[in-house]
Amino acid sequence: MMLCRSDLLLFCELLLFFVATTVVHVVDAFAPITSRANHHQVFRSPATETEEITTQIPRKPTYKKATIKGPSIDSKPDYSSISGPLGSFVDSILMSLFRYKLAQRLNRPDNAIITPDSKLPLNDFMGIIDLTTRMNSQHFDRATIQAMAQDVLVSLGPKFILDRYPTWFARPFPDFSARMCAWATCVGGTWLMGECEVNDVPELENGGKSQGVLVTRCRFLEESKCASICVN
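Okay, so the sequence shown: first residue is 1 according to this note's numbering, each after it adds one.
Put into C-alpha cells, the structure is as follows:
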C-alpha cells in the first residue's frame, strides 16, 4: 500500500507527538518549582488577622541523583550516518518538521525577542543547534526558555489527540502509555539523540517493563556542547 504525502506527514507528526509527550514530562521534572506550583503557603495566626507566617514547602525530588562519566568527545560517532528504524528518509522529514516548528515559534511577532531562522538547510541538524544556541543565549530566564520549548513540542502533534491523550491513554492505561512513548521515542527520536533503545526502569513501582529509553550518547548534547541547552 502506497502512502500519499499527507499520510506520511501525519504519521511523522504522530511520531513526533509521542516523542514530545515524553520530553514534556522530562522537562517538567526539571522545571523550577515556581513554574508548577506556588512554593509558598501562607498561614494566618489566630491571634491577629494581619500577622502572616510564610513557610517554604520543600520540593520532593522526582528523580534519582546519579553521576556517570561519559565517553571522550574524541570518540564521537558520525551521527549523520545513524538513522532510526524507519530509515534516513523519514528521519529527514522528522528533523525538517521539528526545525520548521522551532523556527516558527522563535520568529513569532509577539515574542519579546525575535530569533530569525538559521540560514542552514531545513534538513541540516546544525540548523537546529544554531537556533537553540541563540535562543538560550538571548533569554536569561530559564522558565521562558522552557515554556517556548514546550510550545514547540506541543505544536508537533495534532491538537485533537493532544487534548484527549490524558483521558484516552495516560490515565486509563498508564503502563501501555509509557511503553508506547518509549517505543515512539526510539523510532522517531534517533535523529535527535543518536543511538537509543527501549529498556526497563526497575525503580518504578510497576517494575517499569519497557518503559525507559537508554541513549547510548546524546547527539544533541554533543553537537551543542552545552548541558544548559540540552536540559532547557
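Each residue gets a CB set at the ideal place from its N, CA and C atoms; glycine is no exception.
Rounded to the nearest angstrom, the gap between the Cα atoms of Ser72 and Tyr79 is 15 Å. In this chain, Glu205 is not harboured by any alpha helix (DSSP H), its DSSP state being neither H nor E. In this structure, the straight-line span from the alpha carbon of Val154 to that of Asp163 is close to 10 Å. Using a C-beta cut-off of 8 Å, the stretch 220-230 makes contact with the stretch 126-136, since at least three inter-stretch Cβ pairs fall below that distance. Going by beta carbons, Ser118 and Leu97 fall outside the 8 Å limit. With contacts defined by Cβ atoms closer than 8 Å, Met95 and Phe140 do not form a contacting pair. Taken in chain order, the whole alpha helix (DSSP H) runs of length 4 or more contained in the stretch 129-190 are 142-155 and 159-165. Here Leu192 is buried: its Cβ has 16 or more other Cβ atoms, across all protein chains shown, within 10 Å.
Contact check for Cys230 against Val213 fails: the beta carbons are separated by 8 Å or more.
In this model, Tyr165 and Ala112 are separated by some 31 Å (Cα to Cα). When C-alpha distances from Trp183 are compared across Pro172, Met148 and Glu197, the shortest belongs to Glu197. Scanning its chain for C-beta atoms nearer than 8 Å, with the 5 sequence neighbours on each side dropped, one finds around Pro121 the residues Gly127, in chain order.
Bounds of the alpha helix (DSSP H) holding Leu97 are Ser88 to Leu106.
Nearest C-alpha to Asn206 among Phe220, Arg217, Arg179 and Ala149: Arg179. For Gly194 and Pro77, the gap between their C-alpha atoms comes out near 9 Å.
DSSP places Cys196 in the strand class (E or B) of the three-state scheme.
Judged by DSSP in its simplified three-state form, Leu122 adopts coil rather than helix or strand. Looking at Ile161, Asn232 and Cys218, the one whose alpha-carbon comes closest to that of Ile82 is Cys218. Counting other Cβ atoms within 10 Å of its Cβ, Gly189 reaches 16 or more and is therefore classed as buried. Comparing alpha-carbon positions, the option among Lys159, Pro202, Lys209 and Phe160 lying closest to Cys181 turns out to be Lys209. Per DSSP, Ala112 lies in no alpha helix (DSSP H) and is assigned neither H nor E.
By the neighbour-count criterion, in which 16 or more other beta carbons inside 10 Å mark a residue as buried, Ser177 falls on the buried side.
Residues Gln211 of the same chain have their beta carbon placed closer than 8 Å to that of Leu204, with the five preceding and five following residues left out of the count.
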